[in-house]
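K.L.:
Quick one: the structure is below, questions incoming.
Number of protein chains: 2
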Amino acid sequence: MKCSIPKGTRDFLPVEMARRNYIFDTIRDVFKVFAFEPIETPSLENLSTLMGKYGEEGDKLLFKVLNSGDFMKDVDFSQDYHKVAPRICERGLRYDLTVPFARFVVQHRDELVLPFRRYQLQPVWRADRPQKGRYREFYQCDADMIGSDSLLNELELVQMIDLVFRRLDVSVTLKINNRKILAGIAELVGAPDLLVDITVAIDKLDKIGLENVQKELSERGLTEAQIAALNPVFELKGTASEKLDSLDNLFSAIEIGKKGVAEMRELFGYISHAETSCNVELDLTLARGLNYYTGAIFEVKANNVSIGSICGGGRYDNLTGIFGMPNVSGVGISFGADRIYDVLTELEKFPDNLSQSTRVLFINFGAAEQAYAMRCASALRQQGISTMVYPDSAKMKKQMDYANRKNIPFVAFTGEAEMAAGTVTIKNMQSGEQQTVAATEISNVVRQ
Amino acid sequence: MKCSIPKGTRDFLPVEMARRNYIFDTIRDVFKVFAFEPIETPSLENLSTLMGKYGEEGDKLLFKVLNSGDFMKDVDFSQDYHKVAPRICERGLRYDLTVPFARFVVQHRDELVLPFRRYQLQPVWRADRPQKGRYREFYQCDADMIGSDSLLNELELVQMIDLVFRRLDVSVTLKINNRKILAGIAELVGAPDLLVDITVAIDKLDKIGLENVQKELSERGLTEAQIAALNPVFELKGTASEKLDSLDNLFSAIEIGKKGVAEMRELFGYISHAETSCNVELDLTLARGLNYYTGAIFEVKANNVSIGSICGGGRYDNLTGIFGMPNVSGVGISFGADRIYDVLTELEKFPDNLSQSTRVLFINFGAAEQAYAMRCASALRQQGISTMVYPDSAKMKKQMDYANRKNIPFVAFTGEAEMAAGTVTIKNMQSGEQQTVAATEISNVVRQ
Numbered sequence: 127m128k129c130s131i132p133k134g135t136r137d138f139l140p141v142e143m144a145r146r147n148y149i150f151d152t153i154r155d156v157f158k159v160f161a162f163e164p165i166e167t168p169s170l171e172n173l174s175t176l177m178g179k180y181g182e183e184g185d186k187l188l189f190k191v192l193n194s195g196d197f198m199k200d201v202d203f204s205q206d207y208h209k210v211a212p213r214i215c216e217r218g219l220r221y222d223l224t225v226p227f228a229r230f231v232v233q234h235r236d237e238l239v240l241p242f243r244r245y246q247l248q249p250v251w252r253a254d255r256p257q258k259g260r261y262r263e264f265y266q267c268d269a270d271m272i273g274s275d276s277l278l279n280e281l282e283l284v285q286m287i288d289l290v291f292r293r294l295d296v297s298v299t300l301k302i303n304n305r306k307i308l309a310g311i312a313e314l315v316g317a318p319d320l321l322v323d324i325t326v327a328i329d330k331l332d333k334i335g336l337e338n339v340q341k342e343l344s345e346r347g348l349t350e351a352q353i354a355a356l357n358p359v360f361e362l363k364g365t366a367s368e369k370l371d372s373l374d375n376l377f378s379a380i381e382i383g384k385k386g387v388a389e390m391r392e393l394f395g396y397i398s399h400a401e402t403s404c405n406v407e408l409d410l411t412l413a414r415g416l417n418y419y420t421g422a423i424f425e426v427k428a429n430n431v432s433i434g435s436i437c438g439g440g441r442y443d444n445l446t447g448i449f450g451m452p453n454v455s456g457v458g459i460s461f462g463a464d465r466i467y468d469v470l471t472e473l474e475k476f477p478d479n480l481s482q483s484t485r486v487l488f489i490n491f492g493a494a495e496q497a498y499a500m501r502c503a504s505a506l507r508q509q510g511i512s513t514m515v516y517p518d519s520a521k522m523k524k525q526m527d528y529a530n531r532k533n534i535p536f537v538a539f540t541g542e543a544e545m546a547a548g549t550v551t552i553k554n555m556q557s558g559e560q561q562t563v564a565a566t567e568i569s570n571v572v573r574q
Numbered sequence: 127m128k129c130s131i132p133k134g135t136r137d138f139l140p141v142e143m144a145r146r147n148y149i150f151d152t153i154r155d156v157f158k159v160f161a162f163e164p165i166e167t168p169s170l171e172n173l174s175t176l177m178g179k180y181g182e183e184g185d186k187l188l189f190k191v192l193n194s195g196d197f198m199k200d201v202d203f204s205q206d207y208h209k210v211a212p213r214i215c216e217r218g219l220r221y222d223l224t225v226p227f228a229r230f231v232v233q234h235r236d237e238l239v240l241p242f243r244r245y246q247l248q249p250v251w252r253a254d255r256p257q258k259g260r261y262r263e264f265y266q267c268d269a270d271m272i273g274s275d276s277l278l279n280e281l282e283l284v285q286m287i288d289l290v291f292r293r294l295d296v297s298v299t300l301k302i303n304n305r306k307i308l309a310g311i312a313e314l315v316g317a318p319d320l321l322v323d324i325t326v327a328i329d330k331l332d333k334i335g336l337e338n339v340q341k342e343l344s345e346r347g348l349t350e351a352q353i354a355a356l357n358p359v360f361e362l363k364g365t366a367s368e369k370l371d372s373l374d375n376l377f378s379a380i381e382i383g384k385k386g387v388a389e390m391r392e393l394f395g396y397i398s399h400a401e402t403s404c405n406v407e408l409d410l411t412l413a414r415g416l417n418y419y420t421g422a423i424f425e426v427k428a429n430n431v432s433i434g435s436i437c438g439g440g441r442y443d444n445l446t447g448i449f450g451m452p453n454v455s456g457v458g459i460s461f462g463a464d465r466i467y468d469v470l471t472e473l474e475k476f477p478d479n480l481s482q483s484t485r486v487l488f489i490n491f492g493a494a495e496q497a498y499a500m501r502c503a504s505a506l507r508q509q510g511i512s513t514m515v516y517p518d519s520a521k522m523k524k525q526m527d528y529a530n531r532k533n534i535p536f537v538a539f540t541g542e543a544e545m546a547a548g549t550v551t552i553k554n555m556q557s558g559e560q561q562t563v564a565a566t567e568i569s570n571v572v573r574q
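Residue numbers (this note's numbering), protein chains in the order written: chain G, 127 to 574; chain E, 127 to 574.
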């Protein structure tokens, strides 16, 4: 029987787990010190919660779970499969962490104290075509703060992004824009109703270049004059503050645009005093696809690595409106753990000692010695040191080989002499050095 | 629109997350110090991997995932739903962690160094009828060691169980038996081919009592004489060692029974020197349902709490045989996190401070003061202290209220006087005490 796993899914071996946990732990630690609290939602959601929230394409990519029992009862199978699917599947797999969070907030509104900061690290599933760096099961790491309009929240997200990538030792550029500025631009060129089309097209600037964006804008219904009117925006130069000054002039009578500029001025003012170390840019061509954003939008790219964005987010004025609870605003970010993994791999930024999970291996010399070794091992374990006693009294070479192949840094010998003296001989597998110490002193030798 | 989640699934709020993580962290820490390494397998497995591995009942309880795209193409819907399901669903959700581990070992056999110890903490899904304490999505926490027949492995599992529950401060009884002894008993009563029936019936002794077990044994084909021949086994009294002596006599010519007795003697000998603190019993009526066990079997119950087993496991001689790779033996245990959660709740054993996630709240007095507060907060966060600056300069009462409702132990005030002096006034919310300290000294006050 051939063993395999579904396309687009992965097994994680201990070395990969150690690397993934290094990323998750770094992100989680930052979420925690910024006073975010963990929540989890079920992997299975009612399809009625998920359908229609991710656009037509999203509905297609939802994994649907077959009803238990006689799922065929009373179902008309002569219909189109799009119509049959929701009749035989009541539940689907989590597609992102935002819609479930919105559902969570509505469902638990009486239990939550606002402002509420939640983080959530869970897998999501999408029936996308698998390709390099794109999986059907992958983790999202989201942090959202709801119930406050203060731009201090945006500042803290910037600080969090900065701290995560500083700790991961990855040089990044954080691009910031504001949806109100994009709305102002749409009004400026006389196409406020085409805001979504304009943002979708502008969003591709990085990928397809200015000419193709202009072509797409034309296809999406902008006139040549409107497209030309966009040019001053693409051509704004200078510092964030200079760009905002120019925009303020362009927006002379456009309220929403001026509001966006004022928000960005305040945020960039905060950032300038916040001692962040990453490169922060105001990028007026940053649009981000999701159309629920209404204020600041963020996107992070790793410098010197050609991969898409590794973190993104923004402010939304109406997270829970889709579930009938208006006026819950918030702002959030999402870290893409899988892409960060690829970046750290390419830059060789994973710490060296991650794969050393077992610290000490006791060689097994037989019945009497193994009892002594087990007692020494117990003491080390009580002190939090990962310790193994080789379970069989196999040949010495086999046991030493095992230590080498498992990358175990210390091997402990407890022969007759050691037992008589109450000592242990410890070999440092890297340096080859050997020393005999009292059994009570082992931890001092093997600790990092 | 009404918000709800599928029956048998749960949202976890921060307080529940803190409690669950306390359990997971305790178990994981013990797995780690015993040199187990983490792996993860996909939530989605090919149904061909899962079907037929959990019995007929298990097949029914598997969640099946609908194929993407036109799943109806070329499928004959006039058949029975049992036949249609595998045609329209190629994948299913993980049902336990054992079968995926077996598949993992076969698939990655060239990458694993034996003996291999893996732990795995992941959710599983079963379309069971939801009821109190039984969910459709729940976590399993498994540790298995493969590639060694040594009973030192069993000893280490006993030590791990002991350590986990000692750390959780739960008094437990660990029952141990051996499948070879059960096989010996089946031979003894002259029904070796009814071993599985006998174990299934005996397994229910705790729940339904001796009389009903005897009734079931009769229904399962044992004669009255055979049932009577079982009585001496039920009536064995004394210490583990005394019971084993009696069994040895009963088994005079039954090899497999004698082998089981010898294994138990060795294991109980190890345990007697291992300084475990939990109550360990040899229970000859312990059977455990899963019929892949071939040696020691374990089951843990909390003393003074009427709930089923909270941990169990055993030795198997042929983990990967179902996937065509013979002779991989091993032994493992699985902790039931959800039941342990219920036990800790009932015994009120969760540490008090788990729900204190945010340590310090800085009161927001307005633009100038908030900048100063943000700098103080950054310094605390760098030191790993969970800190929040209230994002709006709301009324003092509202901000203090927030600290109280969120159970935040320290509130920090940074008014004009503090800013001028480079200090912060900190209020201990429990004692009501207030003190003013240098901004650089805050961490000394708010640390536990």
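By construction, the Cβ of each residue, glycine as well, lies at the ideal position given by its N, Cα and C atoms.
1. Nearest to G:Lys475 by CA position, among G:Arg146, G:Gly273, G:Val296 and G:Phe150, is which residue?
2. Find out if the Cβ-Cβ distance for the pair G:Arg229, G:Leu173 is shorter than 9 Å.
3. Sorted by chain position, which residues of the same chain lie with C-beta nearer than 6 Å to E:Leu175's C-beta, five sequence neighbours on each side aside?
4. Where DSSP assigns a beta bridge to E:Gln561, which residues make up the other side?
5. List in chain order: all unbroken alpha helix (DSSP H) runs of 4+ residues lying wholly within the segment 373-435 of chain G.
6. On the DSSP bridge list, what partners appear for G:Tyr442?
7. Determine, for E:Ile511, whether the minimum Cβ-Cβ distance to residues of chain B falls below 9 Å.
8. Answer with yes or no whether the minimum CB distance from G:Ala422 to chain E is below 9 Å.
9. Please tell me whether E:Ser276 has its Cβ less than 9 Å away from any Cβ of chain G.
10. Could you tell me whether the Cβ atoms of E:Val486 and E:Ile552 are closer together than 9 Å?
11. Apply the 10 Å Cβ neighbour rule to G:Met522 and answer buried if 16 or more other Cβ atoms are within range, or exposed otherwise.
12. Mind reading off the beta-carbon distance from E:Gly383 to E:Lys306? Whole number of angstroms is fine, and I expect it under 8 Å.
13. Which same chain residues end up closer than 6 Å to G:Val232 when comparing Cβ atoms and leaving out the 5 residues on each side of it in sequence?
14. Does the distance from the C-beta atom of G:Ala269 to that of G:Phe157 stay below 9 Å?
15. Just to make sure I have the definition right: I need the residues of chain E whose C-beta is within less than 9 Å of the C-beta of G:Leu300. Which are they?
16. Please report how far the alpha carbon of G:Tyr148 lies from the alpha carbon of G:Arg507, in whole angstroms.
17. Would a check of beta-carbon distances place G:Val210 closer than 9 Å to chain E?
18. Say whether the segment 258-277 of chain G touches the segment 459-479 of chain G, bearing in mind that this needs 3 or more beta-carbon pairs closer than 8 Å, one atom from each stretch.
19. Around the C-beta of E:Leu336, are 16 or more other C-beta atoms found within 10 angstroms, so that it is buried, or is it exposed?
20. Quick test of your reading: E:Phe539 and E:Ile459, contact by CB under 8 Å. State the CB separation rounded to the nearest angstrom.
21. Let me see if you follow: with CB-CB separation under 9 Å, is G:Tyr148 close to chain E or not?
22. Compare the C-beta of G:Glu472 against all C-beta atoms of chain E and say whether one is closer than 9 Å.
23. Considering G:Lys301, what are the terminal residues of the beta strand (DSSP E) in which it resides?
24. Is the Cβ-Cβ distance between G:Lys427 and G:Lys301 less than 9 Å?
25. Should the segment 340-356 of chain G be regarded as contacting the segment 313-330 of chain G, the criterion being three or more beta carbon pairs within less than 8 Å?
26. Just the chain G side, please: which residues come within less than 8 Å of E:Thr484 by C-beta, in chain order?
27. Classify G:Arg244: buried if its beta carbon has 16 or more other beta carbons within 10 angstroms, exposed otherwise.
28. Measuring CA to CA, which of E:Glu389, E:Ala564, E:Lys330 and E:Phe291 is closest to E:Tyr467?
29. Taking Cβ-Cβ distances below 7 Å as the criterion, which residues of the segment 516-549 of chain G are in contact with chain E?
30. Using a Cβ distance threshold of 8 Å, determine whether the segment 408-418 of chain G contacts the segment 193-203 of chain G, with at least three qualifying pairs required.
31. I want to know whether the segment 198-216 of chain G touches the segment 244-254 of chain G - three or more CB-CB distances under 8 Å.
32. Report yes if the C-beta distance between G:Leu480 and G:Arg220 is below 9 Å; otherwise report no.
33. Once the 5 residues before and after E:Asp288 are set aside, which same chain residues still bring their CB inside 7 Å of it?
34. What residue does the alpha helix (DSSP H) around E:Ile153 start on, and which one ends it?
35. Just curious, the alpha helix (DSSP H) that E:Arg293 is in, first and last residue?
36. Mind checking who G:Asn193 pairs with in its DSSP beta bridge?
P.N.:
In brief:
1. The sequence position of residue 475 of chain G within the first sequence is 349, counting from 1. It is G:Val296.
2. The sequence position of residue 229 of chain G within the first sequence is 103, counting from 1. The sequence position of residue 173 of chain G within the first sequence is 47, counting from 1. The answer is no: Cβ separation not under 9 Å.
3. Taking the first residue of the second sequence as position 1, residue 175 of chain E is located at position 49. Sequence inspection shows Thr at residue 175 of chain E; the Leu mentioned does not correspond to that position. Only Arg229 meet the Cβ criterion.
4. By 1-based counting over the second sequence, the position of residue 561 of chain E is 435. Paired residues: E:Ile552.
5. 381-398
6. The residue given as residue 442 of chain G occupies position 316 in the first sequence. G:Tyr442 is bridged to G:Gly456.
7. Protein chains G and E are contained in the structure displayed, whereas chain B is not.
8. The residue labelled residue 422 of chain G in the question sits at position 296 within the first sequence. By this cut-off, G:Ala422 is not an interface position.
9. Residue numbering aside, residue 276 of chain E sits at position 150 when the second sequence is read from its first letter. So, interface residue.
10. For this step, residue 486 of chain E is matched to residue 360 along the second sequence. For this step, residue 552 of chain E is matched to residue 426 along the second sequence. Yes, the Cβ-Cβ distance between E:Val486 and E:Ile552 is below 9 Å.
11. In the first sequence, the residue the question calls residue 522 of chain G occupies position 396. Burial call: exposed.
12. On the second sequence, position 257 is the one that residue 383 of chain E refers to. On the second sequence, position 180 is the one that residue 306 of chain E refers to. So it is a contact: roughly 7 Å between Cβ atoms.
13. For this step, residue 232 of chain G is matched to residue 106 along the first sequence. Only Thr446, Phe449 and Met451 meet the Cβ criterion.
14. Indexing the first sequence from 1 puts residue 269 of chain G at position 143. Indexing the first sequence from 1 puts residue 157 of chain G at position 31. In this structure, G:Phe157 lies closer than 9 Å to G:Ala269 by Cβ.
15. Within the first sequence, the letter at position 174 stands for residue 300 of chain G. The contacting residues do not exist; G:Leu300 stays about 17 Å from chain E at best.
16. Translated into the one-based positions of the first sequence, residue 148 of chain G becomes position 22. Translated into the one-based positions of the first sequence, residue 507 of chain G becomes position 381. Approximately 22 Å between the Cα atoms of the pair.
17. Indexing the first sequence from 1 puts residue 210 of chain G at position 84. Closer than 9 Å: yes.
18. yes
19. Residue mapping note: residue 336 of chain E aligns to position 210 of the second sequence, counting from 1. Exposed, by the Cβ-count rule.
20. Here residue 539 of chain E corresponds to residue number 413 of the second sequence, with the count starting at 1. Here residue 459 of chain E corresponds to residue number 333 of the second sequence, with the count starting at 1. The pair is not a contact, with the Cβ atoms about 51 Å apart (cut-off 8 Å).
21. Stepping through the first sequence from its first residue, residue 148 of chain G is reached at position 22. No, because no Cβ of chain E sits closer than 9 Å to the Cβ of G:Tyr148.
22. Sequence index remark: in the first sequence, residue 472 of chain G carries index 346 (1-based). G:Glu472 does not count as touching chain E.
23. Locating residue 301 of chain G in the first sequence gives position 175, counting from the first residue. Val298 to Asn304 is the extent of the beta strand (DSSP E) around G:Lys301.
24. In the first sequence, the residue the question calls residue 427 of chain G occupies position 301. In the first sequence, the residue the question calls residue 301 of chain G occupies position 175. In this structure, G:Lys301 lies closer than 9 Å to G:Lys427 by Cβ.
25. yes
26. On the second sequence, position 358 is the one that residue 484 of chain E refers to. Within chain G, the residues near E:Thr484 are Ala161 and Glu163.
27. Against the first sequence, residue 244 of chain G aligns to sequence position 118. G:Arg244 is buried by the Cβ-count criterion.
28. What you label residue 467 of chain E is simply residue 341 of the second sequence in a count that begins at 1. For E:Tyr467, the nearest C-alpha among the options comes from E:Phe291.
29. Pro517, Asp518, Tyr528, Arg531 and Lys532
30. no
31. no
32. By 1-based counting over the first sequence, the position of residue 480 of chain G is 354. By 1-based counting over the first sequence, the position of residue 220 of chain G is 94. Cβ distance not < 9 Å, so G:Leu480 and G:Arg220 don't count as in contact.
33. As a position in the second sequence, residue 288 of chain E is number 162, starting the count at 1. Result list for E:Asp288: Thr402, Ser403 and Cys404, in chain order.
34. Translated into the one-based positions of the second sequence, residue 153 of chain E becomes position 27. Pro140 to Val159 is the span of the alpha helix (DSSP H), which, as asked, contains E:Ile153.
35. Within the second sequence, residue 293 of chain E is the residue found at index 167, counting from 1. Per DSSP, E:Arg293 belongs to the alpha helix (DSSP H) from Leu278 to Arg293.
36. The count along the first sequence starts at 1 and reaches residue 193 of chain G at position 67. Answer is none; G:Asn193 lacks a bridge partner.
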